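Taking it in order: structure first as structure tokens, then the write-up.
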Amino acid sequence: MIDAITFSPSEPAGAFFWVFALATAVTGLLVALTPYLMPKRECFAVTVPDAASSDPYLKGLKRRYLLWTVALAVVALAASTATYLAFGIGGYIAVFTVGLMALCVASFGLMLYFRAKVRAYKQQMGWTATEQEHVALVGDEPMPHAISMKWDLLFLAIAGITAVAAVICYPSMPERIPMQYDFNGQVSTWADKSWATAAFPVLFVLFVGAVMAVSHWGIVHSKKASDPAAPVATAWAYGMFARAQSILMVALGVMVGLLGPFMELSFAGTFTLQQLVIPIMAVALIAVVASIAVGVVYGQNGARLIARVQRNAPLASDDDEHWKAGVFYVNRNDPSLFLPERFGIGWTMNWGRPGAWVIVGMLVLVTAAFCIGSILMVG
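Note that our numbering numbers the sequence shown so that position 161 is 280, with each residue one more than the last.
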């Protein structure tokens, strides 16, 4: 059985194996490095003084977290690889999914465990903020910021190109169009030729564009990270971080959206949907590697850009009470809807604001509309 299974990336099963294996490895790497990518004043989602970044005890906690998460990632990768060798791609997908979910859940549990230790140590050391200081920058020198929302108009252009491709390719489409292949390269789902089926890629592009535009809007209007001890440096670093992340988001969204015209060509028989797996896998690999690279180079809020800035000021502010379980921000008195994550790379929402739930509800409705539309279009 083992001899009959190969790791050839040219086969559908082999391609999926390599992409999923890489996803497990890089996810484990990013999770393990997260404590080292956060600003100096944050340790396992707890606010600490600048000098605490070199505290032996806290450094030891970070090291233990790294070792545990790397070990979990290795176990997940080994288990899924062994399953692929023994049972093929079918069993592998199940083990991969369970392993990746277990890695995420276990890493979150480890974060909570070490967060409790940091909170106890913080109380023991007497690290408290006597007052809440905030920063407002005033000056002529412009700070870097996320790219303009106008870039999201590219998704409308791609949707238009996809629609034109649908009209041009429609006469060449067969009466039955393959819509899905299994891991062995066999067609598992067909759709009858219709204008609705031909328009499905257009709906796909519009859905991707809508999700990316909302995410981009969140970055543009997010609460800006700042440190009263080094206001200019932290504002500059955050601006660079937001700019890099917004560029990455739009670029990856455009790459995914460009799959729309290729789907139309596959419907017309220019190449098979199975062959489209290659660019899909390429986009997935680029997305994973690029996201990791930006996270490691910039750090959360651009922390890596100013890692060597010496700041020995005491705690100027402390909002730990608003961070539930270290990752959920709940503050009804904060008008911000979006803000940087406390533990992780990216942004989260202020769940104490009704507007946050409205946005989530709208995304759920848009996703439901896309799913229903897909079913109606392709059957």
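Yeah, the Cβ is synthetic: ideal placement off N, Cα and C, and Gly gets one too. None of these values were measured; they are calculated from a predicted model.
Residue span of the alpha helix (DSSP H) that contains residue i, given as start and end
i    : result
F319 : 314-339
I399 : 396-417
R160 : First-last for R160: undefined, no H or E at that position.
S173 : Neither: S173 is in no alpha helix (DSSP H) and is coded neither H nor E.
E383 : 378-386
Y232 : 208-244
T281 : 272-288
S493 : 473-497
Endpoints, beta strand (DSSP E) assigned at residue i
i    : result
F457 : 457-459
M468 : 466-468
Straight-line gap, residue i to residue j (C-alpha atoms, nearest Å)
i    : j    : result
S129 : A401 : For S129, the predicted model reports a pLDDT of 46, less than 50, meaning its position is unreliable; a value from the coordinates is still stated below. One C-alpha to the other measures close to 13 Å.
A315 : L273 : 23 Å
F360 : G421 : 5 Å
N452 : P473 : 12 Å
Q242 : A192 : 33 Å
V286 : A329 : 23 Å
E383 : T143 : 32 Å
Q419 : R160 : 12 Å
V497 : F319 : 7 Å
I366 : G337 : 14 Å
S385 : I280 : 15 Å
T200 : A140 : 8 Å
P154 : F163 : 6 Å
K312 : D271 : 31 Å
S173 : R234 : 17 Å
L196 : I212 : 12 Å
Q364 : M244 : 36 Å
V257 : T467 : Unreliable positioning characterises V257 in this predicted model, as indicated by a pLDDT of 47, which lies under 50. The coordinate reading is nonetheless provided below. Each residue's alpha carbon lies about 27 Å from the other.
K269 : M331 : 12 Å
P290 : V339 : 43 Å
T486 : A352 : 39 Å
V373 : I277 : 8 Å
T202 : V138 : 16 Å
P158 : T308 : 48 Å
A317 : F489 : 15 Å
P350 : V479 : 32 Å
W442 : V396 : 41 Å
P261 : Y357 : 13 Å
V477 : G210 : 39 Å
L185 : M368 : 27 Å
V321 : R183 : 48 Å
Reference residue i, options the options, closest by Cα
i    : options                : result
V464 : A344, F390, A329       : Sequence inspection shows Ile at residue 464; the Val mentioned does not correspond to that position. Closest option to I464, Cα to Cα, is A344.
F227 : A444, A354, Y448       : A444
M220 : M244, A278, V194, M481 : V194
E440 : V165, P297, L275       : V165
V324 : L482, A282, M230, P293 : A282
T391 : F206, I296, A225, L456 : I296
D346 : G147, L275, A225, I425 : I425
I266 : W246, A151, A370       : A370
V167 : G210, A239, L186       : A239
Q394 : A310, I405, L378       : L378
C223 : R183, A151, D169       : A151
G147 : I494, L484, I411       : I411
Neighbour-count burial assignment, residue i, 16 or more Cβ in a 10 Å radius
i    : result
H335 : buried
W461 : Just to set this straight, residue 461 is Arg in the shown sequence, not Trp. Classification for R461: buried.
F136 : buried
Y176 : exposed
V416 : exposed
I208 : buried
A190 : exposed
A171 : buried
A205 : exposed
L484 : exposed
Residue i vs residue j beta-carbon contact at 8 Å
i    : j    : result
A284 : P398 : no
L180 : V217 : no
V449 : G471 : yes
V145 : V407 : yes
G414 : L149 : yes
L231 : T188 : no
M481 : A387 : no
P263 : R423 : no
A475 : L458 : no
A225 : V214 : no
T247 : D438 : no
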